[in-house]
Amino acid sequence: MNAIASGLDWFDDLVWGPPLLILLLGVGIFLTFSLRCLQVSRLPLAAKMVFTPHKESQSKKGDLTSFAALCTALAATIGTGNIVGVATAVSIGGPGALFWMFVAAFFGMATKYAECLLAVHFRETDARGRYVGGPMFYIKNGIGRNYPVLAKVLAFMFAVFGIMAGCLGIGTYAQINSVVEAGAQLGIDRLYTAIGVTLVVGWIIYGGLKYIANTSRTVVPLMAMVYIICCLIVVCLNISAVPDALKLIVESAFTTTSAVGGFAGATVLMAIQKGVARGIFSNEAGLGSAPIAAASAKTNSPVEQGLISMTGTFLDTMIICMLTGLTLVLTGAWCSDVTGVAMTTQAFSSALGSTAGLYIINISLLLFAMTTIIGWNFYTSRCVIYLFGAKAITPFKIIYILFVASYILIVLFVDMADATQKTAINTVWTISDIANGLMAFPNLIALIMLRKVIWSDTKDYFKNLRMKRLKDQEERNQKEQAPA
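What follows is the structure, given as structure tokens:
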């Protein structure tokens, strides 16, 4: 088992090494400049679209409202990475990792916009009349026009790695383990938690797309708001230390961080690698997962859905992850000898008390992990549809629920404190990391090859938007000048 784990760790480091990180950042930087820093100039418009109801939405093509599609994507992205991933990045890369996490998210917003735009542009309907899309479909329908063989290979790769990530990694065992351990911290028996998770997930999944979307639309905004408020309370209680904390984060991003307390020290390279990798793992910009949800949005405009979807990266990383990181630095928890959820719990406990800290973090972790299981089921199901057709959905639901239920066997037959079990869970996270990284390669290649579609759709949309505004202004002027 240890030999397998070591081999997977080596391959994980290879996949998430400099080439992938450079490619992810490089594509984001390229799209940022080619789209004229759209994530800044158009962010107010995107935010307005998220919170403004569209009365004409019934006449638009799609299965979900744009907001529901966004929440479905956020259900998968706002997860353990926002709590555990941030603490892991800081414990290894130091406070400077937060700066590079922010940088990755900034450029990742342009990437998320582009991939979700393509998802709507090249989406299609399945045998049931449902809208389906994502990297495998815009690879097939976009790249496939000129390079059919390459398109088949890239789309197949993405779908296979997507199923692997959903069924064997981030969608099942890794999240269920987080839920079970969070429940244990709250005094709930692990077996009861595992059974409860299986029943809830089974009920929602069998309810279909509408159940998944309605659950996401209800739970995601609420859990995000509560967690953000709790983080802000910790920040306000340490408000005088905020300037020094921000200074430490920026300075540590460009200089070696010395060892202090339980922190062993970190180089600039470590800060960059962990900040970028954990940031991308959290918001999934460039991995190709969010476009799968975006393709179901009830919209006739690829650009509008791209704008709405890019706000997910802003919320996930630039707000939630950064607030988590700031609490770690403000409270000094980053210097402790603990990591992961224990570090975040320590940060909240030091400011709000041990009981409040314990409940806030573990309830948040429980909800975040649960929604991630549901969101990744949706992603994986679309990969299954691409490979096997809509007829495979019902068997897949059973298989996915069985993967979730199989964790009950781990609880029953494996000692939770046993080193073998810990190695097994770490191996699952490693497999998930590898699958996510391998998903990114075909998706990023597609973004580069389909860049002209992204530019053309964006240019046409904003040209038409300017013309509409001018026309509306002329009509208002005419009404004002008309005699009473």
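Here numbering that gives the first Met the number 0 is used: the sequence shown runs in plain steps of one and ends on residue 483. All residues carry an ideal CB built from backbone N, CA and C; glycine is no exception.
Look at E123 here: in three-state DSSP terms it is strand. DSSP, read as helix, strand or coil, puts T110 in helix. In the three-state reduction of the DSSP assignment, T256 falls in the strand class, which pools E and B. The three-state secondary structure of V131, taken from DSSP, is strand. V337: not part of any alpha helix (DSSP H); DSSP gives it neither H nor E. By the Cβ test, the segment 109-126 is in contact with the segment 282-291, since at least three Cβ pairs between them sit closer than 8 Å. Distance check between G16 and each of A439, S295 and A292 places A439 closest, using alpha-carbon atoms only.
Between G133 and R468, the C-beta gap is not smaller than 7 Å, which leaves the two residues out of contact. Straight across, the Cα-Cα distance linking L325 with K478 is about 52 Å. The straight-line gap separating the alpha-carbon atoms of C334 and V102 is approximately 23 Å.
Less than 7 Å divides the Cβ of S349 from the Cβ of T330.
Per the C-alpha coordinates, the member of C36, A86 and L19 positioned closest to M321 is A86. Taking all protein chains shown into account, W9 has fewer than 16 neighbouring C-beta atoms within 10 Å of its C-beta and is therefore exposed. For the pair of segments examined, the segment 373-389 was found to touch the segment 118-138: the number of CB pairs separated by less than 8 Å reaches three. For R35, no alpha helix (DSSP H) run applies, since DSSP gives it neither H nor E. Here C166 is not near F395, since their CB atoms are 7 Å or more apart. With fewer than 16 other CB atoms across the displayed protein chains lying within 10 angstroms of its CB, N145 is exposed. Scanning its chain for C-beta atoms nearer than 8 Å, with the 5 sequence neighbours on each side dropped, one finds around L449 the residues L117, Y137, G141 and I142, in chain order. Secondary structure note for N376: its alpha helix (DSSP H) is the uninterrupted segment S353 to F387. The closest CA to that of L13, considering only F98, D432 and G107, is found on D432. With a beta-carbon spacing of about 6 Å, M342 and S90 fall inside the 8 Å limit used to define contacts. Apart from sequence neighbours up to five positions away, the residues of its chain that approach G27 with a beta-carbon distance below 6 Å are F106, G107, A109 and T110, ordered along the chain.
In this structure, A104 lies away from A96, with their beta-carbon atoms at least 7 Å apart.
When secondary structure is reduced to three states using DSSP, A103 falls in the helix class. With respect to the 7 Å criterion, A154 and K139 are classified as neighbours on the basis of their beta carbons. The distance from the Cβ of Q184 to that of N361 is about 5 Å, consistent with a contact at the 8 Å cut-off. A Cβ-Cβ separation of about 5 Å places L247 in contact with P94 under the 8 Å criterion. In the structure shown, A296 falls within a strand segment according to DSSP collapsed to helix, strand and coil. Burial state of L408 is exposed, judged by a 10 Å Cβ sphere holding fewer than 16 other Cβ atoms. Taking 7 Å as the cut-off, the beta carbon of F347 is found closer than this to the beta carbon of I359. Exclusion of the five residues before and after T254 leaves no residue of its chain whose Cβ lies closer than 6 Å to its Cβ.
Residue pairing of A265 in beta bridges, as defined by DSSP: T256.
In this structure, the beta-carbon distance from Q304 to A292 does not fall below 7 Å. In its chain, beyond the 5 residues on either side, T379 and C382 have a beta carbon closer than 6 Å to the beta carbon of I162. Of the residues A150, L306 and D471, the one whose Cα lies closest to the Cα of I444 is A150.
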